[in-house]
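Presented below is the structure to which this report refers.
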Ligand SMILES: Nc1ncnc2c1ncn2[C@@H]1O[C@H](COP(=O)(O)OP(=O)(O)OP(=O)(O)O)[C@@H](O)[C@H]1O
Ligand SMILES: [Mg+2]
């Protein structure tokens, strides 16, 4: 088996999921200039709700193909997460718009904690296995293997991201979003309803988050109330890597981070002569994050910005 | 005349506070029991930690979400040099200063790469540093066992002051003073030192430079403040207090593991500052005490209360506590973002901001 | 022959595609009031930022009082003796007026963290002298009565003066003022003029950006004109004023 190619494939799967979540961070940042710390929890809720729906359906004896069950789960999870995103913005961010920077950060952290605890109340503290309804057939690919499910994940991510980019570039809503992100007060003067645009941004980001959550759960075969933290942090890193506020950047950053992480985990043992093993996988994202912020804070595709004196 | 009166009042208040603090463990021990003295000991540790972080966040305005790393450095330094793990049993007057020094060095080490970052970005990167350090603590047990991994380090030496071990009860006359009493006085003494240090720093040339940095870093640079040094000084001095608290924690607890140094702990300390009153030493102390005591009170209340009202446990007390903590953060930021006990200046600042927002909206 | 205090040559500064400073060179002599004018966006403030270390120039040379300050950090520039004010006032808004000026003493004092914590005699004495010097400077610029007010609550004219006092606290040899009279009424402008005379007579060289042409003619010994990042004229006010290139730049800008 070709380790290099295998890690690249794994990285692409991971990376496309990161990208999907990163879009949520980057859209909100682009429009409001704040990091939505609670986004990871939306992803977690997406996964949890879908699993609950599927379990309920199979428990009730509904006999449908796995894919259909997942789709039904998503049909519940997506609106639920959209609602969640809407509520988060209304409750935690809108009243604080224009407040000191620290306040929204603390509310967001508080909200993350609340959402995690609510998840514990509903689903408990244990790992929840993803129901075994999808087949995990693998396809051989130049000596590396990938499951059909993973191919679906990649294709779906690309399709969704392309759709989003098109919407932002071509539609009226997209134009209003871009105008708001450039200058909210001017956009407001020109008749854009800024509040609606911000809400919409949260809602769209949350829908993407819900889908990503399900992908994470199927890919790792489980979900957990705390899963949003790490995945959220990595997706945020992806957004920064690509240039925060830049949609194409989030996609590129996500894919790149996924690949870096997979290759890193695959080779760290050899590179350090066995001193550090693959359980250090999680530090790659942090190292990338720190390196980008230090050497190129505007990200790969972001414009270079200077402090105006 | 009024000034003299004021001073008299201050001296009076000071004396009362001193007496109360001196007898506090006896009052608490006789009414609520020793377990509550233990909680108060922890409150003192958190006061030290919060005052340390307050130097970084409150004075210098640098958002740090990985502060617990310095607590960890202090704790591990003490534990590794004073436990059977390496068979070293160095005395506390070496291990605690050494831990503080290492923590300060870590503060500089981690501060250097993030000098250019501000606000949320700085928060996320420091969070990342905190996590990296935790991942290392968890995994540095192989191939060479340094930290003993997730199992942590056990049987850490208690502090021993000139033959008197704080880990054992002290027999005075007919009565015996439990270890938690002895640690109380030790922690109190160091807390007072940290308070004095923070207070004096705040009202000095350095403290002014931090405020200048916080308010407008470009103007501060243009006034000749060396931005790099003043930031690193804040990181180092904040970390120093964290390191001291960490060493004390290790000796008090006798056992440490990476679990005690997670992100949630960092958030907790930040919350103490923010909910107490950022930059305001009395507020920060209040925040630390309230956030240490309140969860313990809740622990005692939530369970029985549920049993009484519903006849069974609807929600597990740990869960309820965290839920309330999260809600408290959100609600506080929405209704009283300046904290419970802000400085006058800070309060005015928030009122100005509110006014400006009201005029705009 | 006048003695040069500041000398720059061939300074370039680019922002992406924008050439904000294009081969700018100038010499400021000890004791003079040197004016810098030019249409909006000409690069005047950018030049200030380069001279005070806030921006790093791409090319050129920069010496001040015999020291090489090319790409020096802001605090090095200040300690060498250049202080400035900002076009869009940048006071420490929540500090009192007095504290603002005390911050200006930072570079001329040296108590460190240890001194602050131990409060030894030297530190306490230094602190007292910082305070009294700051008070003196507030009186010097005429706002001693608002010493305990928070800077954000001061009137516009007082804020401008406070910024000057804060800059003077660093004991500069060259004081660079970016549009200090902007937004002032004629009476305030007149008082400001008096203050600048006083500062110059106290031996401080002044570099001044101002749009008010009459004020510049009155105050400055020499004037340089920037346009699109280039120095297009330099000399005594009467000559610069009649320079066709200068007239063209202003008219062109007005008609554009
Ligand atoms: N940090 C920066 N990044 C990008 N462009 C900048 C930056 N600072 C200045 N500029 C640009 O450089 C040019 C010169 O600006 P500058 O502020 O120096 O003009 P000025 O002569 O001071 O004008 P004014 O009279 O309006 O104050 C402008 O086009 C400005 O937009
Ligand atoms: Mg200007």
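Protein chains in written order, with the UniProt record's numbering: chain A, 1 to 309; chain B, 1 to 361; chain C, 1 to 256. By construction, the Cβ of each residue, glycine as well, lies at the ideal position given by its N, Cα and C atoms.
Query, Result
"Check: residue 230 (chain C) C-beta below 7 Å from any heavy atom of ligand 2", "no"
"Cβ-Cβ distance between residue 205 (chain C) and residue 184 (chain C) below 8 Å", "no"
"Reduced DSSP category for residue 159 (chain A) - H, G, I as helix; E, B as strand; rest coil", "helix"
"Proximity below 8 Å, CB of residue 256 (chain B) to CB of residue 75 (chain B)", "yes"
"Outcome for residue 160 (chain C) when other beta-carbon atoms lying within 10 angstroms are tallied against a minimum of 16", "buried"
"For residue 22 (chain C), the first and last residue of its enclosing beta strand (DSSP E)", "18 to 29"
"DSSP state of residue 106 (chain B) mapped onto helix, strand, coil", "helix"
"Same chain, Cβ closer than 7 Å to residue 79 (chain A), five either side skipped, listed in chain order", "none"
"The alpha helix (DSSP H) enclosing residue 212 (chain B), as first and last residue numbers", "205 to 215"
"Cβ-based neighbour list, residue 53 (chain A), same chain, cut-off 6 Å, excluding 5 preceding and 5 following", "73 and 76"
"Candidates B:40, B:205, B:120 and B:29: closest to residue 102 (chain C) by CA position", "B:205"
"Pair within 8 Å by beta-carbon distance, residue 52 (chain B) and residue 238 (chain B)", "yes"
"Within-8 Å CB hit, residue 121 (chain B) to chain A", "yes"
"Cβ-heavy atom distance, residue 45 (chain C) to ligand 2, below 7 Å", "yes"
"Enclosing beta strand (DSSP E) for residue 13 (chain C) [first to last residue]", "4 to 15"
"Three or more C-beta pairs below 8 Å linking the segment 60 to 80 of chain C and the segment 220 to 228 of chain B", "yes"
"Secondary structure of residue 394 (chain B), DSSP reduced to three states", "Since the first residue shown for chain B is 1 and the last is 361, residue 394 (chain B) is missing from the structure and cannot be characterised."
"Alpha-carbon to alpha-carbon, residue 319 (chain B) and residue 125 (chain A)", "10 Å"
"Buried versus exposed, by CB contacts within 10 Å (16 or more), residue 1 (chain B)", "Low confidence applies to residue 1 (chain B): its pLDDT is 48, below 50, so where it sits in the model is not reliable, and the reading given next is rough at best. Exposed is the call here."
"Residue 232 (chain B) - containing alpha helix (DSSP H), residue span", "227 to 253"
"As assigned by DSSP and simplified to three states, the class of residue 297 (chain B)", "helix"
"Cα-Cα separation, residue 116 (chain C) to residue 200 (chain B)", "6 Å"
"Cα-Cα separation between residue 307 (chain B) and residue 299 (chain B), rounded to whole angstroms", "13 Å"
"Inter-residue Cα distance where the pair is residue 108 (chain C) and residue 112 (chain B)", "25 Å"
"Three-state class that DSSP yields for residue 342 (chain B) in the structure shown", "coil"
"Neighbour list for residue 352 (chain B) in chain C, Cβ cutoff strictly below 8 Å", "152"
"Length of the line joining the Cα atoms of residue 24 (chain A) and residue 246 (chain A)", "11 Å"
"Within chain B, the residues that residue 323 (chain C) reaches when beta carbons sit closer than 7 Å", "Limits of chain C in this structure are 1 at one end and 256 at the other, which puts residue 323 (chain C) out of reach."
"Any non-hydrogen atom of ligand 2 within 7 Å of residue 178 (chain C) CB", "yes"
"Cβ neighbours of residue 53 (chain C) in the same chain (closer than 6 Å, five flanking residues each side left out)", "72, 73, 74 and 77"
"Pairwise C-alpha distance: residue 144 (chain B) and residue 239 (chain A)", "36 Å"
"Cα-Cα separation, residue 207 (chain A) to residue 21 (chain A)", "10 Å"
"Any non-hydrogen atom of ligand 4 closer than 7 Å to residue 40 (chain C) Cβ", "In the structure on display, ligand 4 does not appear, and the ligands it does have are ligand 1 and ligand 2."
"Residue 58 (chain A): first and last residue of the uninterrupted alpha helix (DSSP H) it sits in", "39 to 59"
"Anticipated Cβ contact below 8 Å, residue 2 (chain C) with residue 22 (chain C), distance rounded", "About 27 Å; that fails the 8 Å criterion."
"Residues bridged to residue 222 (chain A) [DSSP beta-bridge criterion]", "A:129"
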